[in-house]
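Presented below is the structure to which this report refers.
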Amino acid sequence: MVGVGVAEGGGGGGAPDGYYGEYYSPEPYYVPPEMCPHPQQHPQHAHMCAVHTEYGGMPVVTSATMMPPMLPPVLDEGMRHYLVAHPHAQPHPHHAPHHQPPHHQPPHHQPPPHHQPPHHYGPTNGAGGPQHFYGAGYPAHFHHVPPHHMQHSPPPVYQKDERTQRQYSKLKQKLERKHNNRNNGIEVNNSGASTPSLSPRKELNGRGESSGGSGGASSGAWSEGEGSSAGASVQGDDENDTQALLDLLSATRTPQVSDMTPTSALVQWNSPLPEGVNLPNVDLTYDLLLGDRKRYKAIYSGPSLSCRVRDLRPGCEYSVCLQIRAGEVTGAASEAATFRAPAAPPDRLPAARVVQRTRSSLLLRWASAADNGARVTHYVLEMDSGDGFKELTRPRTRQHTVNNLRPQTRYRFRIAAVNQCGRGEWSDEAVVWSAGSPPPAPAPPALLTAASTSLALGWERSAAEEFTLQMDDFARGHGFLPVYSGSECAYVCEGLRRATDYRFRLRCENVDGQGPWSTEVSYRTLPERPYPPGRPATRGKIHSRAFRLRWEPPTEDGGAAIESYTLELDGGEGYKCVYRGPEREALCDRLLPGQQYQARVRCSNVAGDSDWAHSDAVLVTDAAPPSFCAAPQLVSEPRATQVSVRWESPDCIGGSPLTQYRLDLTDMDGVLRLAYAGLDTEAIIRELIPGREYKVWVTPCNKVGSGPPSPLLKFTTACAPPDAPEAPVVEVLSPRIVRVQWTAPANNGSPIADFRLEASAANVDYAEVYRGLETVCTVTNLTPFTPYFFRVRACNAAGRGAWSAARDALTPRAPPAAPAGLRHDATADSMRLHWRVPECHGAEVLRYRVEVDDAAFETEGATPERLVEGLAPDTVYRVRVAAYNELGLGDWSEEASAATRPRPPDPPVLRCAQAAHNHLRLEWDAMEGAQYCVEMRAPDAREFRPVYRGCAHSCKVKKLREATSYTFRIRASDERGGRGAWSAGTVVRTAAAPPPAPPAPCVTLLPPRAALVSWEPVDDADYVLQCARGKEAVFKEVYAGAASQFQLEELEHGAELALRVCAVRAGLAGAWSGAARAHVPVAPPPARLRKPRAARALSPRHAALLMAAGFLLLAVLVAVLVQRLVEPRP
628 MVGVGVAEGG GGGGAPDGYY GEYYSPEPYY VPPEMCPHPQ QHPQHAHMCA
678 VHTEYGGMPV VTSATMMPPM LPPVLDEGMR HYLVAHPHAQ PHPHHAPHHQ
728 PPHHQPPHHQ PPPHHQPPHH YGPTNGAGGP QHFYGAGYPA HFHHVPPHHM
778 QHSPPPVYQK DERTQRQYSK LKQKLERKHN NRNNGIEVNN SGASTPSLSP
828 RKELNGRGES SGGSGGASSG AWSEGEGSSA GASVQGDDEN DTQALLDLLS
878 ATRTPQVSDM TPTSALVQWN SPLPEGVNLP NVDLTYDLLL GDRKRYKAIY
928 SGPSLSCRVR DLRPGCEYSV CLQIRAGEVT GAASEAATFR APAAPPDRLP
978 AARVVQRTRS SLLLRWASAA DNGARVTHYV LEMDSGDGFK ELTRPRTRQH
1028 TVNNLRPQTR YRFRIAAVNQ CGRGEWSDEA VVWSAGSPPP APAPPALLTA
1078 ASTSLALGWE RSAAEEFTLQ MDDFARGHGF LPVYSGSECA YVCEGLRRAT
1128 DYRFRLRCEN VDGQGPWSTE VSYRTLPERP YPPGRPATRG KIHSRAFRLR
1178 WEPPTEDGGA AIESYTLELD GGEGYKCVYR GPEREALCDR LLPGQQYQAR
1228 VRCSNVAGDS DWAHSDAVLV TDAAPPSFCA APQLVSEPRA TQVSVRWESP
1278 DCIGGSPLTQ YRLDLTDMDG VLRLAYAGLD TEAIIRELIP GREYKVWVTP
1328 CNKVGSGPPS PLLKFTTACA PPDAPEAPVV EVLSPRIVRV QWTAPANNGS
1378 PIADFRLEAS AANVDYAEVY RGLETVCTVT NLTPFTPYFF RVRACNAAGR
1428 GAWSAARDAL TPRAPPAAPA GLRHDATADS MRLHWRVPEC HGAEVLRYRV
1478 EVDDAAFETE GATPERLVEG LAPDTVYRVR VAAYNELGLG DWSEEASAAT
1528 RPRPPDPPVL RCAQAAHNHL RLEWDAMEGA QYCVEMRAPD AREFRPVYRG
1578 CAHSCKVKKL REATSYTFRI RASDERGGRG AWSAGTVVRT AAAPPPAPPA
1628 PCVTLLPPRA ALVSWEPVDD ADYVLQCARG KEAVFKEVYA GAASQFQLEE
1678 LEHGAELALR VCAVRAGLAG AWSGAARAHV PVAPPPARLR KPRAARALSP
1728 RHAALLMAAG FLLLAVLVAV LVQRLVEPRP
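One point on numbering: in the numbering used here, the residue at position 156 of the sequence shown is 783, and numbering is uninterrupted.
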């Protein structure tokens, strides 16, 4: 069974929820007599048909006690319908085992109509009877079976179109009526299982038994009054609702199959609902069943209206049917649609195999392949002898003998099957050798690797051969025995004895026979590692720094003599070798006192080292005083009054923990003092004298005693920087000079190297003005009328001392400073000088004095600029400036050079070189290094606007109006002289333009042989009209004048005309318009007189047909009107 459904279009239902597998059970199911394929299997029940074991069954409920909640059982005259639920119940004890439910049932599928199981229904009035049902775990399924199926009644035929619409309308109305009853206080119990009564009295009067049989159990609210009648009414409505819903789902048309390929087909179906009709709160689910040899399985379930069935077998016949589910209600399966998948080329054959082989022929045989729906007509056999595959033959049988081959040659074969659909895929290649001579004796096997229990041998291959390897063990005396047979070129002989000689020989074998043996070779296995020696044990007394160890030889030497022993000791830092040699006793010296040691020993032979043998107990040496420490080291450079010292622990603490370190210190006078005592290995020695030499050493101590002192450490304390001097004394000598004096401070053990004096005008950002050993300094180049602050400090080899207190002083007023930033703006005969305002030095600037070469000028007031006129063009002058205040003339500024410009160039003569209707070309005489600017003024403009800037001697002005006068002017400029004057205006006029091309003329044909040609007029222009007849390309003038239309007379019938027009203004002709074409109609033929035909009388046969058609049309109209009247409104 092959087939997988995939939803097509916009619906859901992919592979995960649309493929369920086969599900029918092996129980006998009810099948109509015309659809049962094996009626002779059930003579007592002619309609019981067994279904294959691999299918699962459908759960069937025949007891009214198993009706699901909210939907009671419904019974009508034509069909009996049950909405199946599975409450927690047990099967009837009288049922046969084949009525048990299947265990692999998909929850929402049922078999096709001809494979549905038998339904045994009990009485509907609640009486006792055999109740057949399944237990919990299966969701509801909707089944319909004729009430007298045991009497071989055929299945019912359902209405599909109008009846479905009426049933749906009734269902919707009754659902609304049931909803209104619930809102009025009437509670309907639709449970299929019995509801326990509220009092024992209700069970005694028979209501409890009735509820168990019919499903209409009464609750406490239904025991008296109107409740029972209301419940019966609602129950009747539910029966009609279920009947209508079942009829709606059963009205399923046969699905349509299209778009078939050898492995897939598209299945489509229609919705059972009429257009524009929807079920309230219910979604339709379509289940598609695929059948192969009367065996069905579900391949799709979902809301889509199409499904692509894949994985079909080519050439096989299939059947598909459709089931529709609405919630838990399932309709009947549709009629089956049968289709056959198209055939395909055969499948791929397996590789051919050799049945018989000779030196010149090969007998090939191959297995058959699936024909995919079309019989295999023949096979195609191809052979490759070294130059590619070539077709050999086309046999009809599945074997072939290939002759005329070369001996001992390699060939490749491939085979493909062919049917009426084409050739299948090529099989895998079969590599075959033709027979040849037996192989010669090979070279003896070579030893690749050797071990104690194995020998790895290798040999070379000369062709496609099989090898046989034999081995001879001298000790056993059985001679050569085979140890390997195969095609590999290497083999490992395992399970051998150590240090033993073995002989080997090799023989080749191929399809042509066995060759001779090779020469014999002998190889020896390696020895093994020896066993561990005896545990090491002490011999004699254990001293503080030495002891002696001894051990026994190993019990097994591994097949080789012991070459050496290795002894290692572990004192807490890992094992270290202390002895290696052939002796079995060793002296361990240079040990640490009070240290724990562990010993281990191993032996070695040519095969390697044995495992370690460890000592039984821990070996401990005797304790002793600690050894000396290394010389102490300075942590950092010594300071003036303290030093930091560090030392390391001794190499040996003597086997006892240290109690303290003693750090002793002595100076140059030999005074000894204890600087530190403790367990730390770093100490700070304080209260030292700067610049003195000291000696220090450290002594370790433990409980046994003090160790030897360490070597001496000598160091000298550093010198301190000098103290801060007192505030300096400042004496003002002039507005720009002061004298500063100070007193030298204490040098703190080191001579003063220099003094550093700094000055500042704002008591911040000091700048150094003196450095030396003198205590007096003269500071010059000061700014007059400015406060200054001075400070000083001393420096020696130890560093810089602190700054003294600041001393301030104010310099007196003075004439202004020299102006700076002198610049000028020059013309040909003048220049304007500018400069920055200088410092006034305590008195405001009154005016400035300017010197230009030998001439001097003064400004009016303190304005920092002056205009100097009357200068020569293109001349360089020397310029300088000084400022005046009430104290006199200040310093002159730096002398600067200022040059006047040369005279600007004169404007060139502007002339017109070319005049067109929309542009003008202007020219002028060129000057070296000049730039030009051309400006234009239109007739309607007030100002000139630039049209060209550059260094060329011509320009083209575009986008002008025709026959218009324009005024142009020009000026020249260069880098030194600047811009010159504008030239006088030059008036230039553009030429007139030819008129534009008019659109294609419009041609209007006039009877009988005339044509009116018209075109759009152009201002102030005459027109020329040309005409070409037929397919001629020669146009001839037919009109010239000022009118915008012209009528052509006496045209030829059937002639084709081409017309074009152009405008002419002031003797200038414009471009031709597009050609307009017109076709003169052909002359009409002369009229013929027709004779009147006599009217024929209607025959009786024709009259009868017309009357029958009228009556049929009237009947159709009446039927449609009646249908509209009797159809209930929704």
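For glycine and all other residues, C-beta sits at the position ideal for the given N, C-alpha and C.
Of all the options the options, which has the alpha carbon lying nearest to the alpha carbon of residue i?
{"i": "aspartate 1814", "options": "Ala1455, Asp1238, Asp1216", "result": "Given that the chain is displayed from residue 628 to residue 1757, the structure contains no residue 1814 and the question cannot be resolved."}
{"i": "serine 931", "options": "Tyr913, Ser1377, Ala1611, Tyr923", "result": "Tyr913"}
{"i": "threonine 1152", "options": "His1105, Leu1082, Leu1196", "result": "Leu1082"}
{"i": "arginine 967", "options": "Ala979, Gly1000, Ala1670, Gly954", "result": "Gly1000"}
{"i": "alanine 1017", "options": "Gln1035, Trp1053, Tyr1559, Asn1374", "result": "Here the sequence assigns lysine to residue 1017, which means alanine is not the residue at that position. Nearest option by C-alpha distance: Trp1053."}
{"i": "proline 1349", "options": "Val1561, Pro1372, Leu916", "result": "Pro1372"}
{"i": "serine 1112", "options": "Glu1121, Thr1631, Leu1133", "result": "Leu1133"}
Quick one: Cα of residue i to Cα of residue j, how far?
{"i": "tyrosine 656", "j": "aspartate 974", "result": "Its pLDDT being 38, under 50, tyrosine 656 is placed unreliably in this model, and the value from its coordinates should be taken loosely. Tyrosine 656 and aspartate 974: Cα-Cα distance of roughly 39 Å."}
{"i": "leucine 1285", "j": "glycine 1186", "result": "53 Å"}
{"i": "arginine 1459", "j": "valine 1508", "result": "13 Å"}
{"i": "valine 1007", "j": "alanine 997", "result": "16 Å"}
{"i": "alanine 960", "j": "valine 1743", "result": "34 Å"}
{"i": "threonine 1165", "j": "alanine 1226", "result": "10 Å"}
{"i": "alanine 1424", "j": "asparagine 1375", "result": "10 Å"}
{"i": "cysteine 934", "j": "alanine 964", "result": "14 Å"}
{"i": "serine 946", "j": "arginine 940", "result": "13 Å"}
{"i": "alanine 1213", "j": "glycine 1235", "result": "22 Å"}
With DSSP collapsed to three states, give me the class of residue i.
{"i": "histidine 1027", "result": "strand"}
{"i": "proline 1727", "result": "helix"}
{"i": "glycine 1737", "result": "helix"}
{"i": "serine 796", "result": "helix"}
{"i": "arginine 1041", "result": "strand"}
{"i": "leucine 1752", "result": "helix"}
{"i": "alanine 1846", "result": "One cannot answer for residue 1846 here, as it falls past the ends of the chain, which runs 628 to 1757."}
{"i": "leucine 614", "result": "One cannot answer for residue 614 here, as it falls past the ends of the chain, which runs 628 to 1757."}
{"i": "phenylalanine 1342", "result": "strand"}
{"i": "alanine 1742", "result": "helix"}
{"i": "serine 1581", "result": "strand"}
{"i": "serine 1387", "result": "strand"}
{"i": "valine 1707", "result": "coil"}
{"i": "aspartate 1291", "result": "strand"}
{"i": "valine 1747", "result": "helix"}
{"i": "glutamate 1537", "result": "Just to set this straight, residue 1537 is leucine in the shown sequence, not glutamate. Correct three-state label for leucine 1537: coil."}
Is the separation between the beta-carbon of residue i and that of residue j shorter than 8 Å?
{"i": "glutamine 1222", "j": "threonine 1248", "result": "yes"}
{"i": "proline 1622", "j": "alanine 1590", "result": "no"}
{"i": "glycine 1694", "j": "alanine 1624", "result": "no"}
{"i": "threonine 1326", "j": "tryptophan 1274", "result": "no"}
{"i": "proline 1355", "j": "valine 1298", "result": "no"}
{"i": "isoleucine 1189", "j": "asparagine 1232", "result": "yes"}
{"i": "serine 1610", "j": "proline 1531", "result": "no"}
Any heavy atom of the ligand COA closer than 7 Å to the CB of residue i?
{"i": "alanine 1705", "result": "Looking at this structure, you won't find the ligand COA or any other ligand, since it has none at all."}
Can you tell me whether residue i is buried or exposed? The criterion is at least 16 other CB atoms within 10 Å of its CB, across all chains shown.
{"i": "cysteine 1116", "result": "exposed"}
{"i": "lysine 924", "result": "buried"}
{"i": "aspartate 1552", "result": "exposed"}
{"i": "valine 1749", "result": "exposed"}
{"i": "arginine 1505", "result": "exposed"}
{"i": "glutamine 950", "result": "buried"}
{"i": "leucine 1196", "result": "buried"}
{"i": "alanine 1257", "result": "exposed"}
{"i": "proline 1628", "result": "buried"}
{"i": "isoleucine 1316", "result": "exposed"}
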